[in-house]
Every structure is written in C-alpha cells, then in structure tokens.
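Just so we're aligned: -5 in my numbering is position 15 of the sequence shown, and the numbers increase by one with no gaps anywhere.
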Amino acid sequence: MPGTYKCARCKQKVEIDVNVRCPFCGHRILFKERGAAIKQ
C-alpha cells in the first residue's frame, strides 16, 4: 500500500510503495508523513 514518506536527510516528500530509498539523495531512512491532526 503506497504511502507518503519524508526523507530524513534531504526532507523531500517521497511517494513509495516498495522502495525504501529516497529517489533524490539515495538515503535509506524515510519517515512516515503524519496527517495534520490538531490535538485538543
């Protein structure tokens, strides 16, 4: 299932489904993008 991740090194948004490398800089660690949820 595809998801939006953010690269830990270059901070680019990456849409991935199977790859775990950032297509911009090749870094392996991607963070899951969180929705803009407002805490009460």
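Think of the CB as a built atom: it goes at the ideal place given N, C-alpha and C, for glycine as much as any other residue.
Taking the Cβ atom as the reference point for each residue, do residue i and residue j lie within a distance shorter than 8 Å?
i           : j           : result
residue -10 : residue 4   : yes
residue -4  : residue -17 : yes
According to DSSP, what are the bridge partners of residue i?
i          : result
residue 11 : -14
residue -7 : -14
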